[in-house]
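Chemist: The listed protein sequences correspond, in order, to chains A and B.
Quick note on this note's numbering: the first sequence kicks off at 1 and runs consecutively.
Quick note on this note's numbering: the second sequence kicks off at 1001 and runs consecutively.
There's a structure below that I have some questions on.
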Amino acid sequence: MAKKKEIVAEKVEATKEKEVEIKAVAEDVKVEVVEPPVIETTLPEGNAVTDFKIDVIVPKLADEDIVLNAVEDDNLADFPSEDNVEVIQIMNLNPAYEYLYVGKYGGVFDPSTFKTTMDNKAILYKNPYFKK
Amino acid sequence: MAINIGTSTYSGEVLEDLISHAVQGNDTVDNGLIHIVSGIQYKKVLPTIKLGNIIQDNKPTPVTTTDSVGTYTVGERYLQPEDFMVYLEFNPRDFEAFWKPFQPEGNLVFRDLDPAVQAKMLRLLIERKNEFMGEAIWMSTKLGGTVGFTAPAGATALGAGVNKYWDGYMKRILQSILSDVAPEKVISAGNTAITTGAQVEAALIAIYKACPKQIRASKKLKFVMDFEMWDLYDTYLSNKDVKYTENKDVNDYRFKGKQIIPINGIAEQTIILAEFGAGADSNFWAGVDYANDGDIVKVDQLQANSELYFFQMRMKFDVNFLKPGEIVVHTAYVNA
């Protein structure tokens, strides 16, 4: 699960090192093709290599990257600390949810939804105000 | 048959006008929230361009191609209007059994409808079409079907009924949230249910904070939500101990200085912050074939030997947005 959480960042990083092709999943996909830069590297012998080119094509996430997030993380979640007033207020506003992801800007996300649809810095909390 | 005559046993005077129920219009267009491009017979490409970092350390003489810093990235989005039509047959003689002012006139073989009745029927037809458009702009999924998206409890599903001719803004927003990669991705500021005014306020705060800073000052930046969301928020504000507005008045349609526009047709439990407008600088675009196809109704006899008449409209329509990374949304509609 931890690896999956870092998948988006890894995709971007990977493009700097090797060619990455991600098949588009929607018909109106916008494919960005960045003009391949020429990378100069120097071999130990001192010979410059100039024919190593990189195409950066990162239009969409692959299907396997769009993962459900819910149950597996529940046991990692905890109640928000008492001094985390903003999050506690948000929990209080959403008693219908036992667990909630709270994003960087206070956005709230249902844990049963796709991970990639949330704020990628969202933190999962157990809701102290949950009512069945 | 297209005309249903309601019977009445009352035989007194009758108002010489047909009273019609108010029909929900196309609020999205009426409020000037989208830019409409006409003249698209097949497809129009909406090109976008952006420039990455261009700053680098000083070099007295740049010599290699790697000394060039900055890449223009060109992208494309599309408007591909899809066909749909309005076609309604009716028999003017159905009105023979109705009140005198509305009865058709002329010889039986040339019998046609009273012009006032015909005008009223035409107006209703166009209003009903506008009502459809107002909802389909947001709620349609191409080919229909509600698979792939989950609506909040009790809310209208995407792609339900006749909302099936093009991909509406909601589907495009949800697809972008799911599959696109930032910065070309619609910003999701929450996806929980919104059923109270306090939740609306919390969503507005989260949306505003998540808004890209470079468009914060834009005069086109507006919140759009449905009337139910606005009513929850308005009531919530009025019920506060320290009131901004008395109950007898409506609260300002504003949040953090940005205009709030409640409209019919948009998905329930959904709030969108983006640059809306009727001009080309709007983020939300729509494409049509001929500019006024939506107002042109063909009225004619069905065929030479028939007493039936018909109304017909043919239209093409599609919607898209230009810059998904500049749209912030809280919606309880989610990808399934």
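Glycine included, each C-beta is placed from N, C-alpha and C at the ideal position.
What's the gap between the Cα of residue 1252 of chain B and the Cα of residue 1164 of chain B?
Modeler: Those two C-alpha atoms are separated by around 36 Å.
Chemist: Between the Cα of residue 1216 of chain B and those of B:1259, B:1235, B:1239, spot the shortest distance and give me the residue it belongs to.
Modeler: Of B:1259, B:1235, B:1239, the residue nearest in Cα terms is B:1259.
Chemist: Could you give the first and the last residue of the continuous alpha helix (DSSP H) run that contains residue 1199 of chain B?
Modeler: Looking at the DSSP string, the run of the alpha helix (DSSP H) that includes residue 1199 of chain B is 1197–1210.
Chemist: CB-CB under 8 Å to residue 1278 of chain B, same chain, minus the five flanking residues each way: which ones, in chain order?
Modeler: Excluding positions up to five away in sequence, the list reads 1032, 1033, 1034, 1035, 1036.
Chemist: Give the range of the alpha helix (DSSP H) segment to which residue 1129 of chain B is assigned.
Modeler: Segment 1115–1139, the alpha helix (DSSP H) holding residue 1129 of chain B.
Chemist: Quick one: Cα of residue 79 of chain A to Cα of residue 87 of chain A, how far?
Modeler: Answer to the nearest angstrom: the Cα atoms are 10 Å apart.
Chemist: Do you know how far the Cα of residue 123 of chain A is from the Cα of residue 1332 of chain B?
Modeler: Approximately 19 Å, taken between the alpha carbons.
Chemist: List, in chain order, every chain B residue whose beta-carbon is nearer than 7 Å to that of residue 108 of chain A.
Modeler: Simply 1190, 1192.
Chemist: Does DSSP put residue 1330 of chain B in a helix, a strand or coil?
Modeler: Residue 1330 of chain B falls in the strand class under three-state DSSP.
Chemist: Could you tell me whether the Cβ atoms of residue 1209 of chain B and residue 1189 of chain B are closer together than 9 Å?
Modeler: Result yes, Cβ atoms of residue 1209 of chain B and residue 1189 of chain B sit closer than 9 Å.
Chemist: Along the alpha helix (DSSP H) that carries residue 1172 of chain B, what are the first and last residues, could you check?
Modeler: Taken as a continuous stretch (DSSP letters only), the alpha helix (DSSP H) holding residue 1172 of chain B covers 1169–1179.
Chemist: Quick one: which chain C residues come within Cβ less than 7 Å of residue 1205 of chain B?
Modeler: Any reference to chain C falls outside this structure, whose protein chains are A and B.
Chemist: Between residue 1198 of chain B and chain A, is there a C-beta pair that is closer than 9 Å?
Modeler: Yes - at least one Cβ of chain A is within 9 Å of the one on residue 1198 of chain B.
Chemist: Applying the 10 Å Cβ sphere with the 16-neighbour rule, what's the burial state of residue 1316 of chain B?
Modeler: Classification of residue 1316 of chain B: buried, given that the 10 Å Cβ count is 16 or more.
Chemist: Apart from the five residues just before and just after residue 82 of chain A, which ones in its own chain have a Cβ nearer than 6 Å to its Cβ?
Modeler: Hits under 6 Å: none found.
Chemist: Compile a chain-ordered list of the residues in the stretch 1310–1336 of chain B whose CB is closer than 8 Å to at least one CB of chain A.
Modeler: For the stretch 1310–1336 of chain B, which is checked against every Cβ of chain A, the residues closer than 8 Å are 1320, 1330, 1334, 1335.
Chemist: Could you give the first and the last residue of the continuous alpha helix (DSSP H) run that contains residue 970 of chain B?
Modeler: In the structure displayed, chain B extends from 1001 to 1336; residue 970 of chain B sits before or after that span and is not available.
Chemist: Under a Cβ-count criterion, where at least 16 other Cβ atoms within 10 Å of its own Cβ denotes burial, should residue 12 of chain A be classed as buried or exposed?
Modeler: Its pLDDT being 44, under 50, residue 12 of chain A is placed unreliably by the model, and the measurement read from it follows with that caveat. By the neighbour-count rule (16 or more Cβ atoms within 10 Å), residue 12 of chain A is not buried but exposed.
Chemist: Using a Cβ-Cβ cutoff of less than 8 Å, which residues in the same chain neighbour residue 1103 of chain B once the five nearest sequence positions on both sides are dropped?
Modeler: 1095, 1096, 1114.
Chemist: Looking only at DSSP bridge pairs, what is residue 1258 of chain B linked to?
Modeler: Beta-bridge pairing links residue 1258 of chain B to B:1255.
Chemist: By alpha-carbon positions, which one of B:1041, B:1186, B:1070, B:1029 ends up nearest to residue 1083 of chain B?
Modeler: When only C-alpha atoms are compared, the closest one is B:1041.
Chemist: Show which residues of chain A have a CB atom less than 7 Å away from the CB atom of residue 1177 of chain B.
Modeler: Simply 117.
Chemist: Return the chain-ordered list of same chain residues with a C-beta closer than 8 Å to the C-beta of residue 1203 of chain B, the five sequence neighbours on each side being excluded.
Modeler: Around residue 1203 of chain B: 1189, 1190, 1194, 1271, 1330.
Chemist: Going by other Cβ atoms of all chains shown within 10 Å of its Cβ, with 16 needed for buried, is residue 1273 of chain B buried or exposed?
Modeler: Classification of residue 1273 of chain B: buried, given that the 10 Å Cβ count is 16 or more.
Chemist: Give me the Cα-Cα distance between residue 1265 of chain B and residue 1151 of chain B, rounded to the nearest whole angstrom.
Modeler: Roughly 15 Å separates the two Cα atoms.
Chemist: Leaving aside the five residues before and after residue 118 of chain A along the sequence, list all residues of the same chain whose C-beta is less than 6 Å from its C-beta, in chain order.
Modeler: Excluding sequence neighbours, residue 118 of chain A sits near 101, 109.
Chemist: State the DSSP-derived secondary structure class of residue 1053 of chain B, mapped to helix, strand or coil.
Modeler: Reduced to three states, the DSSP call for residue 1053 of chain B is coil.
Chemist: At a CB-CB cut-off below 8 Å, which residues of chain A make contact with residue 1217 of chain B?
Modeler: Going along chain A, no residue has its Cβ under 8 Å from residue 1217 of chain B, so there is no contact; the nearest lies around 18 Å.
Chemist: What's the gap between the Cα of residue 1229 of chain B and the Cα of residue 1275 of chain B?
Modeler: Residue 1229 of chain B and residue 1275 of chain B: Cα-Cα distance of roughly 20 Å.
Chemist: Which residue's Cα is closest to the Cα of residue 1237 of chain B: B:1226, B:1227, B:1250, B:1225?
Modeler: Nearest of B:1226, B:1227, B:1250, B:1225 to residue 1237 of chain B, Cα basis: B:1250.
Chemist: Determine the chain B residues that contact residue 94 of chain A at a beta-carbon separation under 9 Å, and present them in chain order.
Modeler: 1192, 1193, 1199, 1202, listed in chain order.
Chemist: Can you check whether the C-beta of residue 123 of chain A is within less than 9 Å of a C-beta belonging to chain B?
Modeler: Residue 123 of chain A does not count as touching chain B.
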